[in-house]
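Chains as they are written, first to last, in our numbering: chain L, 1 to 339; chain C, 1001 to 1232; chain E, 2001 to 2320. No residue lacks a Cβ here, since even glycine has one placed at the ideal position from N, Cα and C. Following: one structure in structure tokens, then a few remarks.
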Amino acid sequence: MTTSSRPACEDTRREGGAGAPLPAADDPVLDVSGLSVRFRMRGGRQIAAVTDASFRLRRGECLALVGESGCGKSVLASALLGLLPANAQTAGRAVVGGLDLLAADERTLARTVRGRRVGLVPQSPSAHLTPVRTVRSQLQETVRELTGARGSGLRARAEAAAERAAFPADHLDRYPHQLSGGLAQRAATALALVGDAPLLLADEPTTGLDRDLVDRTVDELRRHADAGHALLMITHDLAAAERIADRVAVMYAGRIVELTDAPAFFGEPGPRHPYARGLLDALPERAFTPIPGMPPELGALPTGCAFAARCGHATTTCETVPALRNGTACHHPQEPTRA
Amino acid sequence: MLELHRITAGYDRRAPVVRDVSLTVEPGEAVGLLGPSGCGKSTLARVASLVHRPDSGTYLIDGESVRAWRHRAPREQRTAFGVVFQQPRQAADPRLRLTDLIAEPLRAAGRRTGAEERVVELAGRVGLSAELLGRRPHEVSDGQLQRACLARALVLRPRWLICDEMTAMLDASTTAALVAAVEDYRRESGAGLLTVGHDRTLLNRWCDRTVHWTELTQAENPSPPKNKPSGA
Amino acid sequence: MAETGSTPEGATKPPPDAATGSVPEVPTVWRSPGAGTRARGGAARRGTRALRTRTSAVLVAVVVLTVLAVPALVPLDEQAVDLGSKLLPPSWSHPFGTDEVGRDLLLRCVYGLRISLLVGVVAGLAATVVGTVVGALAGALGGWADRVVMRLVDVFSSVPHLLLGVFIVAMFRPGLWPVVASVALTHWLSTARIVRAEVLSLRSRPYIDAAISGGSSRLRITVRHLLPGVLPQAGLAAVLMIPHAIWHESALSFLGLGLPTHEASLGNMVQAARGSLLAGDWWPTLFPGLFIIIPTLAIAGLAGAWRERLNPRRRSELML
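Written out as structure tokens, the structure reads:
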């Protein structure tokens, strides 16, 4: 049910009543439903990179989207930022603050989405920063661009943004190549935080970093979630996900196959989808055994469950696609009895 | 046995990234080298695999002193090492199909007969399907490309494997699969392994012995490795 | 959902049933990013680009066919002097008019274009081969060989092209081949630089390290990995060189240092027409001028399209 005295500017936020009417603070920052992305390739081939992804993300919450390379998780991130190439088509909705990101045109995306609604913490900060300009000048430009601040206010706000990302003020006048990997990551995070976007999107923020730096980066991201941002972290690093996430979404062959609370996922009772279990069992601190086989091509997905070919529990039922029910998209969800 | 003794190496003589480092790998032994990003451990791995000439220090392979690196090193010495790099995209010629990528060392050695069967056999070992072998690097995922790069490293049956952060970009299952493929090969051939990384849990699980970078730089002469039974 | 057991995927999508509660059903309506202004601008830009490429391709085809077919099929002498019909304005019998000794300008333009293209293609190819070999050697060998070669390139580059070209032409009797040599010898420098830079960048790739470790010889690495890597760039440089060479030849001829003055070269024709232009006769200047400008623009347009294909947006945009 929609509230009767809703503010005029927020009337697009909800179309149908969902569950119980929630106070604004509990409204999802990001509401993704039925999001699909496909690429049209030469020769009429189609690649179903993301199929029917649905999830919500609230303030102060961190959702880790995990999966192997090529499973479609980065495509999902690009879709949310409106950065898909021209041969992509999307379906479904991804609503942030009443705006459907998938339907927005480039002008809207550039003026009201990137940096303002969605802040991007990039995969490789050194490539994200302009090499020929100091961190301060890049921060100030972003502050000016996003807030319109000028003069001394500009300087103060840039320094405040650096401080929020724990970027040391005495390094502000350095160039990106003079920064360590950790500091470059913080500089990029500072840029992402300038617009005070309700949604932070971290795309593989820990790739190539060593464990200590992964932990530090992840802890800092967690701090921003605790400060009230909604955080969507895309990663293949399960240890990083375990450290930061409130909830975990496992993606396989373009579909979310498991969406569950992080403590239940990494601890007891553990994941229910056989793929998610296999992924955890592949960790060196666990069984260290790979899942047999390889994921199917996104351009030639089977008509049924995409994991069936690698799954020890597959039956004829698996010739149809399982829907995501109670957080697991599997015809034979595993019961919480762990070996 | 690989004996790197007091190696200093880098890309600028005035600021070497590796200073006075010593490391020994016994035949058949799996040594994991742990260290933070940018500490120089990858450079040391490049020196050990003969693709980077150190500024100073000595390197003995089975008691024989290495005098030349890169192209100048004798072929047999170079091909005794199978090398896998961190970023498969950078380590694969974008123009070669995966099957040519894997077979390239065989062709460079002039061994054309049986190359195809060898590629198919290796593809099976690393978990690549025949269909993927016909593709070019940009048509496969990072994980699939890294599998091909491992197959290339194994194609000449090296006595030593050097893995430079081989699994840093990969998901847990692909990591486990590649490590299993390396270990299968080592069990069968008795090859030694130097693997470099920053994941302590992984290296502890994988290797006979893990050393931290700081141990190599602080000790002038590292304590000789405990005589573990080697895999051979 | 599970009960619709036989429904093929995609026919009807079950409503997503997220753990957070029911979500209103979203029909699968595919949307291209065509709704966005960037996409529209992009489409328009792509359209213009495609039109430009197509126009260039047609023009180049027409030019090549003309210069091959006309001298073979039309039994007219482009040197035939007819003093009775000198400086006639364009008409049906002489569509481009005639020059100051009554030669048909259309015919001479076609022959001039043929010479220009010949010079352009031969000189462009020669310059590219020289540049690629020098650049690849410098890049692949490195060390002192690289330093010597590149200093040589610097020395050559410090002299203006045209001046050096004039110097080379002046050493020979006027004719086609000195012009080709002059253009080729002054134009390999940029290609050498491009190729060397490309080889240097390829040389530091880990896949070269992998090839070394795989036992490849230096020669094999150069032939198998480095040269194929630079060939598209070198080919592009060759095509871009053709218009440049055409202009260069015209400039040399205009200065009276190119082909013998009676030869129907476009530069010669513009040079010869200077006097009549002052008298108000525009056609002997205009048509040869257009014959220099339009084909060179068309070739450059094609080269531009090729360049865009060389740097396609990487397939990694699919993030596979």
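### residue 2308 of chain E in three-state terms, based on DSSP
Of the three classes helix, strand and coil, the one that applies to residue 2308 of chain E here is helix, per DSSP.
### Spatial neighbours of residue 2088 of chain E in its chain, beta-carbon cut-off 6 Å, leaving aside the 5 residues before and after
2094, 2097 and 2098
### Query
Just checking, does the segment 277-288 of chain L make contact with the segment 1172-1187 of chain C on the three C-beta pairs under 8 Å criterion?
By the Cβ criterion, the segment 277-288 of chain L is in contact with the segment 1172-1187 of chain C, since at least three pairs of Cβ atoms, one from each stretch, lie closer than 8 Å.
### Task
From the DSSP output, in three-state form, read off residue 266 of chain L for me.
Here residue 266 of chain L carries a helix assignment [DSSP, helix/strand/coil].
### Query
To the nearest angstrom, how far is it from the Cα of residue 2270 of chain E to the Cα of residue 2047 of chain E?
36 Å
### Contact list for residue 1042 of chain C against chain L, beta-carbon separation under 8 Å
The premise fails here: residue 1042 of chain C is roughly 11 Å from chain L at the closest Cβ pair, so nothing lies under 8 Å.
#### Entry: Spatial distance of residue 1170 of chain C from residue 2116 of chain E (CA atoms)
About 56 Å.
### Partners in chain L for residue 2028 of chain E, counting only beta-carbon separations shorter than 9 Å
Below the 9 Å Cβ cutoff, chain L contributes 34, 36, 52, 91 and 92 as neighbours of residue 2028 of chain E, in chain order.
### Message
So, for residue 220 of chain L: in the same chain, excluding its five sequence neighbours on each side, which residues have a beta-carbon less than 8 Å away from its beta-carbon?
### Response
Cβ neighbours of residue 220 of chain L beyond the five flanking positions: 165, 166, 186 and 189.
### Task
Could you tell me whether the segment 1177-1190 of chain C touches the segment 1023-1031 of chain C, where touching means 3 or more Cβ pairs closer than 8 Å?
yes
### Message
According to DSSP, is residue 62 of chain L part of a helix, a strand, or is it coil?
### Response
Here residue 62 of chain L sits in strand by DSSP.
### Message
Applying the 10 Å Cβ sphere with the 16-neighbour rule, what's the burial state of residue 2140 of chain E?
### Response
buried
### Task
State buried or exposed for residue 177 of chain L, treating a residue as buried only when at least 16 other CB atoms are found within 10 Å of its CB.
exposed
### Query
If we count Cβ pairs, one from each stretch, closer than 8 Å, do we get three or more for the segment 1155-1171 of chain C versus the segment 1080-1096 of chain C?
yes
### Query
Which first and last residues belong to the beta strand (DSSP E) in which residue 1163 of chain C is found?
1160-1164
#### Entry: Neighbour flag for residue 324 of chain L against chain B, beta carbons, 8 Å
Absence of chain B from the displayed structure is noted, the protein chains being L, C and E.
### Query
What whole-angstrom Cβ distance do residue 49 of chain L and residue 38 of chain L have, given they're in contact under 8 Å?
6 Å
### Query
Would you say residue 2288 of chain E and residue 2266 of chain E are within 8 Å of each other, going by their C-beta atoms?
Going by C-beta atoms, residue 2288 of chain E is nearer than 8 Å to residue 2266 of chain E.
### Query
Can residue 91 of chain L and residue 2028 of chain E be called in contact, C-beta distance under 8 Å?
yes
### Query
What first and last residue would you give for the alpha helix (DSSP H) that runs through residue 2190 of chain E?
2176-2203
### Query
Interface residues of chain L around residue 2031 of chain E at Cβ under 8 Å?
89, 90, 91, 102 and 103
### Task
With a 10 Å radius around its C-beta and 16 neighbouring C-beta atoms as the bar for buried, classify residue 125 of chain L as buried or exposed.
buried
### Query
In or out: residue 1181 of chain C buried (at least 16 other Cβ within 10 Å) or exposed?
buried
### Message
Does residue 2148 of chain E pass the burial test, meaning 16 or more other C-beta atoms within 10 Å, or should it be called exposed?
### Response
exposed
### Query
What's the gap between the Cα of residue 1209 of chain C and the Cα of residue 1197 of chain C?
Looking at the two C-alpha atoms, the distance is approximately 13 Å.
### Query
Would residue 1019 of chain C count as contacting chain L if we go by Cβ distances under 8 Å?
no
### Query
chain C partners of residue 356 of chain L, CB-CB under 8 Å?
This structure gives no information on residue 356 of chain L, because the portion of chain L shown stretches from 1 to 339.
### Task
Please classify residue 286 of chain L: does DSSP put it in a helix, a strand, or coil?
coil
### Query
Contact between the segment 2218-2226 of chain E and the segment 2142-2162 of chain E: three or more CB pairs below 8 Å?
no
### Query
Can you name, in chain order, every residue of its own chain whose Cβ lies under 7 Å from the Cβ of residue 2121 of chain E, other than the five neighbours on each side?
2242
### Task
Please list, in chain order, all residues of the same chain as residue 290 of chain L whose beta carbon is under 6 Å from its beta carbon, the five residues on each side excluded.
282
### Task
Go to residue 235 of chain L, then tell me how far its alpha helix (DSSP H) extends in each direction, as first and last residue.
Not the alpha helix (DSSP H): residue 235 of chain L falls in the beta strand (DSSP E), residues 230-235.
### Message
My parser needs the alpha helix (DSSP H) runs of 4 or more residues fully inside the segment 1175-1209 of chain C; what are they?
### Response
1200-1206
### Query
What residues from the segment 269-297 of chain L come within 7 Å of chain C, judged by C-beta to C-beta, listed N to C?
278, 279, 282, 283, 284, 285, 288, 289, 290, 291 and 294
### Query
Quick one: what does DSSP say residue 137 of chain L is sitting in, helix, strand or coil?
DSSP places residue 137 of chain L within a helical segment (H, G or I) once states are collapsed to three.
### Task
Measure the alpha-carbon distance for residue 2213 of chain E versus residue 1052 of chain C and round it to whole angstroms.
C-alpha of residue 2213 of chain E to C-alpha of residue 1052 of chain C: approximately 11 Å in a straight line.
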